[in-house]
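Q:
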Amino acid sequence: MQILSGKDISKAYGTDIIFEDVCFGVDKGDRVGIVGPNGCGKSTLLGIIAGNIEATSGEIYIRSGYSLGYLRQQNQFLGSGTVIEEAEKSFEHLYEIERRLAELQDAISDHSSDSFEKDLADFTELSEKYEELGGYTYKSELSATLAHMGFKEEDKSKTISTLSGGERTRLALSCMLLRKPDILMLDEPTNHLDLHMLAWLESFLESYKGTIIVVSHDRYFLDRITNKIFDLSAGTLDAYKGNYSEFTVKREERLEVMRREYEKQQAEIARQEEMIRRFKQHGTEHLTKRAKSREKRLAMLEVVEKPKIKQDKMKISFEADYKSGSEVLEAEGLSKSFGDRQLFKNAGLLIRKGERVCIIGENGIGKTTLIRILIGLETADEGYLRTGYNVNFGYYDQGQLLLDENETVLGEMKNAYRLYTDTEMRSLLGRFLFKGDDVFKQVRDLSGGEKAKLSLLKLMLSGANTLVLDEPTNHLDIESKEIVEEALLEFKGTLIIVSHDRYLLNIIPDRILELTEDGLVEYKGKFDYYLEKTAGKEPSDAPDKADSAEEFAEMLRSSEAERKAKKQQEAEDRRRARRADETESRIHELEAAITDLQDEMMLPENSVDPEWMRAKSEELAELEAEVNALYDEWMELQQ
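Add 34 to a position in the sequence shown, counting from 1, and you land on the number used in our numbering.
1. State whether the stretch 278 to 294 contacts the stretch 82 to 91, with contact taken as three or more CB pairs (one from each stretch) at a distance under 8 Å.
2. Just confirm the distance between the C-beta atoms of Ile-43 and Val-56, as a whole number of angstroms; I'd bet it's less than 8 Å.
3. From the DSSP output, in three-state form, read off Ile-52 for me.
4. Determine the direct distance from the alpha carbon of Glu-329 to that of Ser-351, and round the result to whole angstroms.
5. Are there three or more Cβ pairs, one per stretch, closer than 8 Å when the stretch 519 to 535 is compared with the stretch 493 to 507?
6. Look at Phe-466 and Lys-448 and say whether their C-beta atoms are less than 8 Å apart.
7. Opposite Gly-67 in the DSSP bridges: which residues?
8. Is the stretch 213 to 231 touching the stretch 533 to 541 in the sense that three or more CB pairs, one from each, lie closer than 8 Å?
9. Under 8 Å Cβ to Cβ from Leu-135, same chain only, skipping five residues before and after it: list those, please.
10. Identify whether Asn-662 lies in helix, strand or coil by the three-state DSSP scheme.
11. Express the C-alpha separation of Ile-546 and Lys-387 in angstroms, rounding to a whole number.
12. Closest to Ser-489 by C-alpha separation, out of Arg-610, Val-443, Glu-222, would be which residue?
13. Within 10 Å of its beta-carbon, does Glu-656 have 16 or more other beta-carbons around it, so buried, or fewer, so exposed?
14. Run the CB neighbour count on Leu-637, radius 10 Å, all protein chains shown included, and call it buried at 16 or more, exposed below.
15. In the DSSP assignment, the beta strand (DSSP E) including Asp-140 goes from what residue to what residue?
16. Rounded to whole angstroms, what's the CA-CA distance from Ile-118 to Glu-130? Just pull it up for me.
17. In chain order, what are the residue ranges of uninterrupted alpha helix (DSSP H) at least 4 long that sit wholly in the stretch 289 to 351?
18. Taking 8 Å as the cut-off, decide whether the C-beta atoms of Gly-184 and Lys-214 are in contact.
19. Could you tell me how far apart the beta carbons of Phe-53 and Leu-271 are, in whole angstroms, since I believe they sit closer than 8 Å?
20. Look at the Cβ atom of Asn-380, then the Cβ atom of Gly-559, and state whether they are nearer than 8 Å.
21. Can you give me the Cβ contacts of Arg-293 inside the same chain, cut-off strictly under 6 Å, excluding the 5 residues immediately before and after it?
22. Please classify Leu-637: does DSSP put it in a helix, a strand, or coil?
23. Quick check: the Cα distance between Arg-478 and Ser-174, rounded to an integer number of angstroms?
24. Count the other CB atoms within 10 Å of the CB of Tyr-95; is the residue buried (16 or more) or exposed (fewer)?
25. Should Asp-578 go down as buried or exposed, given a rule of 16 or more other Cβ atoms within 10 Å for buried?
26. At the level of alpha carbons, what is the spacing between Pro-573 and Leu-565?
27. Does the pairing of the stretch 189 to 198 with the stretch 208 to 224 give three or more beta-carbon distances under 8 Å?
28. Name the two residues that bound the continuous beta strand (DSSP E) containing Val-362.
29. Do you know whose CA, among Ile-405, Ser-250, Gly-199, lies nearest Pro-223's CA?
30. Does the beta-carbon of Phe-238 have 16 or more other beta-carbons within 10 angstroms, so that it is buried, or is it exposed?
31. So, with DSSP's three-state summary, where would you put Ser-693?
32. Just the C-alpha distance for Glu-616 and Glu-667, rounded to the nearest angstrom, thanks.
33. Assuming Ala-121 and Leu-180 are in contact, meaning their beta carbons sit under 8 Å apart, how far apart are those beta carbons, in whole angstroms?
34. Can you give me the Cβ contacts of Leu-371 inside the same chain, cut-off strictly under 7 Å, excluding the 5 residues immediately before and after it?
35. Taking 7 Å as the limit between beta carbons, can you name the residues of its chain near Ser-91, skipping five residues before and five after?
36. For the structure I just gave you, are there three or more beta carbon pairs, one from the stretch 361 to 369 and one from the stretch 401 to 409, closer than 8 Å?
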């Protein structure tokens with residue numbers, strides 16, 4: 035049953051068209067993921083559905099009686115209440131029922147009242163509704179949700195005004211989940227969540243009884259949660275069934291089919307135009323009629339639209355100017371506190387040249403602080419730290435605090451790398467999609483994704499042999515994330531990465547270090563191995579692997595049948611192609627012979643010999659008849 039739909043939705047800001055004539059439908063129980071490049075309008079579309087943004091044209095339909103909850107990327111709570119007070123507002127409908135139940139309980143305590151029977155019936159009915167809405171469990175649910183979102187008991191009394199941006203986002207998400215609307219819309223809900231929070235959120239959403247629409251760049255999250263993907267790009271929306279991994283396969287298959295159909299039709303048009311030209315050139319009445327007939331059919335042909343070219347891609351590669359020594363970093367007993375709060379203690383590690391190490395841990399445990407200590411930007415309270423020979427650090431700061439907000443994009447780069455000419459620097463910026471007047475934008479006016487790309491360009495030009503990256507895929511769209519991951523995989527130097535991106539954690543590291551209050555715990559493998567060792571999901575449950583041996587065997591059988599059919603078709607295509615080539619070659623020979631014969635018949639000395647001319651005319655007619663027959667066969671072979 036369809037509960038939400040959009041018809042011909044368009045949004046433009048002045049002459050800048052974000053998307054146009056977008057249509058979609060959402061059924062009850064759907065779990066929709068909206069994906070697309072940065073700036074394509076994903077958040078705008080959610081805002082239009084929620085009624086917060088007015089569409090330029092089009093209609094949104096929401097079935098009557100269905101409640102809608104919308105979590106924006108940026109949430110600002112009004113007032114100066116506390117965390118617990120804000121969370122408790124999610125259950126105001128239950129508080130009203132509790133007040134009414136208290137009134138009815140007082141009323142039925144008087145058995146002699148004239149309204150006793152009615153009050154008792156109302157009390158019974160309302161009690162059942164209260165239980166159905168979770169009235170007897172909501173307090174424990176509230177506490178559990180806040181705890182899973184990183185709010186400790188002492189945090190509940192914090193006022194909203196003292197919360198960080200990440201804490202506000204997690205509180206807003208907690209409140210939205212507690213309200214349980216029929217249609218839950220979430221815009222980048224995994225931002226500011228650590229791995230434990232992500233795992234809990236995914237479990238919660240997997241059992242959610244309502245409909246979910248989510249904008250996310252978290253591929254792992256999309257794989258676990260969604261059963262339908264809306265691909266919003268190039269101003270249009272295409273819907274696909276399945277999770278994100280299935281979508282990527284289906285999208286490539288669809289684009290390949292579209293490309294082949296377009297190229298096939300273009301080749302057919304060119305072939306028809308060449309045949310028309312040759313028919314007209316030949317000059318016989320038979321072929322002239324065919325040429326006109328084909329011209330009419332060609333004019334009536336419905337031309338296949340050329341598939342839209344994919345958006346420009348960032349071009350990035352990391353190269354070290356020189357090699358480091360065999361040991362890059364060694365640390366023992368590192369500890370760090372801020373005031374009375376200790377982040378971690380007794381942290382030790384040894385990182386060798388060429389290793390790829392990822393550091394994970396709960397929010398607030400001090401991962402950023404640790405890597406800043408490792409590269410000398412902060413000092414540990416105690417412990418031993420040694421940097422190896424010839425180590426040159428390149429640091430990517432997740433907050434882009436190393437960028438000068440008052441500079442232009444071009445100025446920021448020129449300040450850091452003065453030996454490049456403006457032309458050379460603009461060419462480099464173009465590789466990171468800063469084109470035209472974009473290079474004159476103020477850094478403070480850039481989006482999060484643009485700032486991330488600018489920081490990555492500075493890192494690329496640094497020539498560092500040891501890259502230290504703090505959440506390098508934050509703010510990037512999925513395609514840009516994959517480009518960065520590929521560049522990191524090809525880098526020959528040493529990588530130290532802090533990340534919550536579980537796809538990155540499954541392809542980059544040789545080992546994972548989990549930072550805890552008592553130091554670093556090592557896992558010699560990727561994220562699936564970490565999950566296995568920490569009693570999480572087995573590696574075999576990864577989204578890109580077959581669910582069972584039986585399914586895998588069936589897949590092989592199906593693939594074998596498809597392979598045989600494909601081979602037979604390819605053999606037939608080759609036979610027809612060979613025959614078509616042979617036919618066309620014979621046509622060329624005959625047309626050359628016809629031309630030579632016609633030239634010979636035009637000579638004055640031959641025109642005076644009637645007997646010779648009659649014989650040559652018969653020969654010419656035979657050649658033309660053979661050419662016409664060969665053209666018919668050639669056209670059959672081209673079908």
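Idealized CB from N, CA, C, for every residue including glycine.
A: Quick answer:
1. no
2. The count along the sequence shown starts at 1 and reaches residue 43 at position 9. The count along the sequence shown starts at 1 and reaches residue 56 at position 22. The Cβ separation is near 4 Å, so the contact holds.
3. Along the sequence shown, read from residue 1 onward, the residue named residue 52 stands at position 18. DSSP places Ile-52 in strand when its eight states are reduced to three.
4. Taking the sequence shown and counting its residues from 1, one reaches residue 351 at position 317. Taking the sequence shown and counting its residues from 1, one reaches residue 329 at position 295. For Ser-351 and Glu-329, the distance between alpha carbons rounds to 51 Å.
5. Counting Cβ pairs under 8 Å, three or more are found: they touch.
6. Locating residue 466 in the sequence shown gives position 432, counting from the first residue. Locating residue 448 in the sequence shown gives position 414, counting from the first residue. The answer is no: Cβ separation not under 8 Å.
7. Position 33 of the sequence shown, counted from the first residue, corresponds to residue 67. Paired residues: Val-248, Ile-263.
8. yes
9. If you number the sequence shown from 1, residue 135 lands on position 101. Phe-157, Leu-160, Ser-161, Tyr-164.
10. Your numbering for residue 662 matches position 628 in the sequence shown. Asn-662: helix per DSSP, three-state reduction.
11. Locating residue 387 in the sequence shown gives position 353, where the first residue counts as 1. Locating residue 546 in the sequence shown gives position 512, where the first residue counts as 1. Approximately 16 Å, taken between the alpha carbons.
12. Start at 1 with the first residue of the sequence shown, and residue 489 comes out as number 455. The shortest Cα separation from Ser-489 among Arg-610, Val-443, Glu-222 belongs to Val-443.
13. Numbered from its first residue, the sequence shown carries residue 656 at position 622. Classification of Glu-656: exposed, given that the 10 Å Cβ count is below 16.
14. Along the sequence shown, read from residue 1 onward, the residue named residue 637 stands at position 603. With fewer than 16 Cβ atoms within 10 Å of its Cβ, Leu-637 is classed as exposed.
15. Counted from its first residue, the sequence shown places residue 140 at position 106. No beta strand (DSSP E) holds Asp-140; the alpha helix (DSSP H) holding it covers 126 to 142.
16. For the purposes of this step, residue 118 is identified with residue 84 of the sequence shown, where counting begins at 1. For the purposes of this step, residue 130 is identified with residue 96 of the sequence shown, where counting begins at 1. Cα to Cα, the separation comes out at about 18 Å.
17. 319 to 333
18. Position 150 of the sequence shown, counted from the first residue, corresponds to residue 184. Position 180 of the sequence shown, counted from the first residue, corresponds to residue 214. Contact annotation: Gly-184 and Lys-214 have beta-carbon atoms that are not nearer than 8 Å.
19. For the purposes of this step, residue 53 is identified with residue 19 of the sequence shown, where counting begins at 1. For the purposes of this step, residue 271 is identified with residue 237 of the sequence shown, where counting begins at 1. Yes, Phe-53 and Leu-271 are in contact; Cβ-Cβ is about 7 Å, under 8 Å.
20. For this step, residue 380 is matched to residue 346 along the sequence shown. For this step, residue 559 is matched to residue 525 along the sequence shown. The answer is no: Cβ separation not under 8 Å.
21. Your numbering for residue 293 matches position 259 in the sequence shown. Once the five neighbours on either side are set aside, the close Cβ partners of Arg-293 are Pro-341.
22. Stepping through the sequence shown from its first residue, residue 637 is reached at position 603. Leu-637: coil per DSSP, three-state reduction.
23. Here residue 478 refers to the residue found at position 444 when the sequence shown is read from its first residue. Here residue 174 refers to the residue found at position 140 when the sequence shown is read from its first residue. If I take the Cα positions, the gap works out to 43 Å.
24. Here residue 95 refers to the residue found at position 61 of the sequence shown. Tyr-95 should be labelled exposed.
25. Start at 1 with the first residue of the sequence shown, and residue 578 comes out as number 544. Caution applies to Asp-578, whose pLDDT of 45 falls short of 50 and renders its modelled position unreliable; the value that the coordinates give is listed next. Under this definition Asp-578 is an exposed residue.
26. To locate residue 573, count along the sequence shown from 1; it is residue 539. To locate residue 565, count along the sequence shown from 1; it is residue 531. Residue placement at Pro-573 is flagged as unreliable, the pLDDT there being 41, under the threshold of 50; the coordinate-derived value follows with that caveat. Approximately 7 Å between the Cα atoms of the pair.
27. Result no; under three Cβ-Cβ pairs closer than 8 Å.
28. Locating residue 362 in the sequence shown gives position 328, counting from the first residue. Segment 361 to 372, the beta strand (DSSP E) holding Val-362.
29. Residue mapping note: residue 223 aligns to position 189 of the sequence shown, counting from 1. Of the listed residues, the one whose Cα sits closest to Pro-223 is Ser-250.
30. Stepping through the sequence shown from its first residue, residue 238 is reached at position 204. Answer is exposed; the Cβ neighbour count stays below 16.
31. This structure leaves residue 693 out entirely; the chain is present only between 35 and 673.
32. In the sequence shown, residue 616 corresponds to position 582, counting from 1. In the sequence shown, residue 667 corresponds to position 633, counting from 1. Taking the straight line joining both Cα atoms gives about 11 Å.
33. Against the sequence shown, residue 121 aligns to sequence position 87. Against the sequence shown, residue 180 aligns to sequence position 146. Confirmed, about 6 Å.
34. For the purposes of this step, residue 371 is taken as residue 337 along the sequence shown, with counting starting at 1. The sequence given here has Ser at residue 371, not Leu. Excluding positions up to five away in sequence, the list reads Leu-377, Asp-415.
35. Numbered from its first residue, the sequence shown carries residue 91 at position 57. Within the same chain, Ser-91 has close Cβ partners Asp-42, Ser-44.
36. yes
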